[in-house]
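Visitor: Handing you a structure now.
Protein chains: 2
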Amino acid sequence: MLSAIMEDYLKAIYYLQDETDERVRTSTFAEHMDVEQPSVTSMVKKLAERDFVHYEPYKGVVLTDTGIPIALEIIRHHRLLERYLTERLEYDWAEVHDEADRLEHHISSQFADRIAEQLGNPAVDPHGDPIPTADLDVSPPQSGETLADQQVGEKVRIERVPDHDPDLLRYLSEHGITPTTVVEIVETTSFGMVTLDPDGTDERVALPEEVARIITTQTLTGASN
Amino acid sequence: MLSAIMEDYLKAIYYLQDETDERVRTSTFAEHMDVEQPSVTSMVKKLAERDFVHYEPYKGVVLTDTGIPIALEIIRHHRLLERYLTERLEYDWAEVHDEADRLEHHISSQFADRIAEQLGNPAVDPHGDPIPTADLDVSPPQSGETLADQQVGEKVRIERVPDHDPDLLRYLSEHGITPTTVVEIVETTSFGMVTLDPDGTDERVALPEEVARIITTQTLTGASN
DNA sequence: CTATAAACTTAGCCCCATCTAATTTCGCTC
DNA sequence: GAGCGAAATTAGATGGGGCTAAGTTTATAG
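Chains as they are written, first to last, in UniProt numbering: chain S, 1 to 225; chain G, 1 to 225.
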């Protein structure tokens, strides 16, 4: 059996590996988990001993074939919970993350399967992230285009918004921006500001470019997730 | 903040205190929690330091006014979860206990309140145990009569069945015995066997007296939970 | 090719919750 | 009220996960 903490490390490796596409370094890790570097080193050694990760001292860490399904299972739990909490228990888009972050380690896969069933086996969570299936398939990474890539005048559908910053989520939802909403880019500035017009409204929503860069989009050619 | 384990100890004290109506002894405790006695002693000291229990060495332990609400909160979580799992997630009466036992420590009270709301703030869990309200009131202990107290020929309503033994629960539900069902006592023997006839059926269900003694009943005079 | 800063690991400590073995206290019998 | 067995406690160890401080290793600049 794995502790909740070990599961968290595996999940973190999965995410970080995905982002940087190479071995995850101790420092990246420590920052992400909000622990000191030596804690990471020692945990990583334990995980390596149990064969969940491949660890090369001073070089970083990669999930093994044993580790990947464990990470995916947790991610499945997390995203299903987020969906369930918002859809069935009236949680707010923004407050869902913390609750899911705790519960993901404690629900059985039976529980996960039951809520998945209740929800009609949804493909994505409320932030637009894909939910791994019961046999742990994940949809391929989506378009990869972000709001920051768009030209003025383009209309795109919001695909995915990262779920880590409640303030950002609150701001976005208050201004009508959630996955699946369509927005038009009305302005981009040289000093890194992107201004949007959510579907049909007259309201303008301004975002710093660094935020625009983490919100992925779909081009409007019929695909609808 | 309390650890899940401390919460478990407090919950256990609450239950055991209720049963025996006096200070809970180390040995009782150890058996109930499935740990060795020294573990109990050391944990109890920590709880006493934090003023959750009153502890007198060699004498046993009682919950303080600080400890009681914590135990009740956990019990509320547990019973709401049991209800939610059976009613909304198609869990079986018998398999509900373990899942609830883990989750009770990890759901927020917000979560508890939401599922309570979804369920229409039920008063009892699927085993017939009362669910503490959001402000932690518990209904007074019920009749106190059990199946073992009944005379042959009596008809009573099943009130409460303890939730700890999945095998027993499975057996009972297979034979149509759950809280709120009405049964007639058809036979009691000198060697400790009680035979029942669940409402309207012709089936006979036999129970050893030690089981009959933990199933509480209501007399059939209009009261309905 | 060396010097040095940054990144990483090792060493050694802490707290938590558990255990076994050894000791103390309780409560009862005679 | 002395002795004895059962119950409880203390002592001391273990494993999990974290920290700080003190080395290493790596990578980069010159």
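Just so it is clear, CB atoms sit at the ideal spot from N, CA and C, and this is done for glycine as well.
So is G:L10 buried or exposed if we call it buried at 16+ other beta carbons inside 10 Å?
Guide: Position 10 of the second sequence, counting from 1, holds the residue named residue 10 of chain G. Its Cβ being crowded by 16 or more others within 10 Å, G:L10 is buried.
Visitor: Taking the straight line between their C-alpha atoms, what separation do you get for S:Y55 and S:V40?
Guide: If you number the first sequence from 1, residue 55 of chain S lands on position 55. If you number the first sequence from 1, residue 40 of chain S lands on position 40. Rounded to whole angstroms, S:Y55 to S:V40 spans 12 Å at the Cα level.
Visitor: Do S:R204 and S:A148 have their C-beta atoms within less than 8 Å of each other?
Guide: As a working note, residue 204 of chain S is residue 204 in the first sequence. As a working note, residue 148 of chain S is residue 148 in the first sequence. No; because the gap between Cβ atoms is not below 8 Å, this pair is not in contact.
Visitor: When you compare each of S:L63, S:K59, S:E36 to S:A48 by their alpha carbons, which one comes out closest?
Guide: Start at 1 with the first residue of the first sequence, and residue 48 of chain S comes out as number 48. Of S:L63, S:K59, S:E36, the residue nearest in Cα terms is S:L63.
Visitor: Within the same chain, show all residues whose beta-carbon is closer than 7 Å to that of G:A112, passing over the 5 residues directly before and after it, in chain order.
Guide: Here residue 112 of chain G refers to the residue found at position 112 of the second sequence. R76, H77, L80.
Visitor: In the DSSP assignment, the alpha helix (DSSP H) including S:D149 goes from what residue to what residue?
Guide: Walking along the first sequence from the start, residue 149 of chain S turns up at place 149. That residue, S:D149, is in no alpha helix (DSSP H); it is neither H nor E in DSSP.
Visitor: For G:M193, which of G:T180, G:T181, G:V211, G:P179 has the nearest alpha-carbon?
Guide: Taking the first residue of the second sequence as 1, we reach residue 193 of chain G at position 193. The residue with the shortest Cα to Cα distance from G:M193 is G:V211.
Visitor: Which residues, in chain order, does the region 80 to 104 of chain S contribute to contact with chain G at a C-beta distance below 7 Å?
Guide: If the cut-off is 7 Å between Cβ atoms, the region 80 to 104 of chain S has L89, E90, E99, R102, L103 near chain G.
Visitor: So, with DSSP's three-state summary, where would you put S:D125?
Guide: Residue 125 of chain S sits at position 125 when you count from the first residue of the first sequence. Here S:D125 sits in coil by DSSP.
Visitor: Between S:S3 and chain G, is there a C-beta pair that is closer than 8 Å?
Guide: The residue you call residue 3 of chain S lines up with position 3 of the first sequence. So no, S:S3 is outside the interface.
Visitor: Between the C-alpha atoms of G:S173 and G:D137, what's the straight-line distance to the nearest angstrom?
Guide: Here residue 173 of chain G is taken as the residue at index 173 of the second sequence, counted from 1. Here residue 137 of chain G is taken as the residue at index 137 of the second sequence, counted from 1. Between G:S173 and G:D137, the C-alpha separation is close to 29 Å.
Visitor: Just verifying my parser: in three-state terms, what is the DSSP assignment at S:P162?
Guide: Here residue 162 of chain S corresponds to residue number 162 of the first sequence, with the count starting at 1. Three-state DSSP puts S:P162 in coil, outside helix and strand.
Visitor: Starting from the beta carbon of G:R114, find every residue of chain S whose beta carbon is closer than 7 Å, and list them in chain order.
Guide: Mapped onto the second sequence, residue 114 of chain G falls at position 114. The answer, in chain order, is L89, E90.
Visitor: Since G:G60 and G:R25 should fall inside the 8 Å C-beta cutoff, what is the C-beta to C-beta distance between them, to a whole number of angstroms?
Guide: The count along the second sequence starts at 1 and reaches residue 60 of chain G at position 60. The count along the second sequence starts at 1 and reaches residue 25 of chain G at position 25. That belief holds up - the Cβ atoms of G:G60 and G:R25 are roughly 5 Å apart, short of 8 Å.
Visitor: Could you compute how far the alpha carbon of G:Q218 sits from the alpha carbon of G:E117?
Guide: Taking the second sequence and counting its residues from 1, the one referred to as residue 218 of chain G is at position 218. Taking the second sequence and counting its residues from 1, the one referred to as residue 117 of chain G is at position 117. Rounded to whole angstroms, G:Q218 to G:E117 spans 27 Å at the Cα level.
Visitor: Do you know whose CA, among G:E73, G:P208, G:P126, lies nearest G:T133's CA?
Guide: Here residue 133 of chain G is taken as the residue at index 133 of the second sequence, counted from 1. The shortest Cα separation from G:T133 among G:E73, G:P208, G:P126 belongs to G:E73.
Visitor: How about S:I107 and G:L103: do their beta carbons lie closer than 8 Å?
Guide: Position 107 of the first sequence, counting from 1, holds the residue named residue 107 of chain S. Position 103 of the second sequence, counting from 1, holds the residue named residue 103 of chain G. Taking 8 Å as the Cβ cut-off, S:I107 and G:L103 qualify as a contacting pair.
Visitor: Need the endpoints of the alpha helix (DSSP H) that S:L80 sits in, please.
Guide: Counted from its first residue, the first sequence places residue 80 of chain S at position 80. That run of the alpha helix (DSSP H) goes 67 to 88.
Visitor: DSSP beta-bridge partners for G:K155?
Guide: Residue numbering aside, residue 155 of chain G sits at position 155 when the second sequence is read from its first letter. Note: G:K155 sits in a beta bridge opposite G:E184.
Visitor: Are the Cβ atoms of G:D18 and G:E82 separated by less than 8 Å?
Guide: Mapped onto the second sequence, residue 18 of chain G falls at position 18. Mapped onto the second sequence, residue 82 of chain G falls at position 82. Cβ distance not < 8 Å, so G:D18 and G:E82 don't count as in contact.
Visitor: Write down the C-beta distance between S:A71 and S:I13 rounded to the nearest angstrom, noting that I regard them as a contact closer than 8 Å.
Guide: Residue mapping note: residue 71 of chain S aligns to position 71 of the first sequence, counting from 1. Residue mapping note: residue 13 of chain S aligns to position 13 of the first sequence, counting from 1. At roughly 7 Å, the Cβ-Cβ gap stays under 8 Å, so S:A71 and S:I13 are in contact.
Visitor: Grab me the residues of S:A30's own chain with a C-beta within less than 8 Å of its C-beta, minus the 5 sequence neighbours each way, in chain order.
Guide: Locating residue 30 of chain S in the first sequence gives position 30, where the first residue counts as 1. Taken in chain order, the residues that qualify are E36, Q37, S39, V40.
Visitor: Strictly below 7 Å CB to CB, what residues from chain G border S:H106?
Guide: Counted from its first residue, the first sequence places residue 106 of chain S at position 106. Going along chain G in sequence order, the residues near S:H106 (Cβ under 7 Å) are R102, L103, H106.
Visitor: Which of the three DSSP states, helix, strand or coil, is assigned to G:V211?
Guide: The residue labelled residue 211 of chain G in the question sits at position 211 within the second sequence. If DSSP states are grouped into helix, strand and coil, G:V211 belongs with the helices.
Visitor: Beta carbon of S:T201, beta carbon of S:W93: below 8 Å?
Guide: Translated into positions along the first sequence, residue 201 of chain S becomes position 201. Translated into positions along the first sequence, residue 93 of chain S becomes position 93. In this structure, S:W93 does not lie closer than 8 Å to S:T201 by Cβ.
Visitor: So G:K155 and G:V182 are in contact, right, with Cβ under 8 Å, and what is the actual spacing, rounded?
Guide: Counting from one through the second sequence, the residue named residue 155 of chain G turns up at place 155. Counting from one through the second sequence, the residue named residue 182 of chain G turns up at place 182. Indeed, because the Cβ distance is near 6 Å, the residues count as touching under 8 Å.
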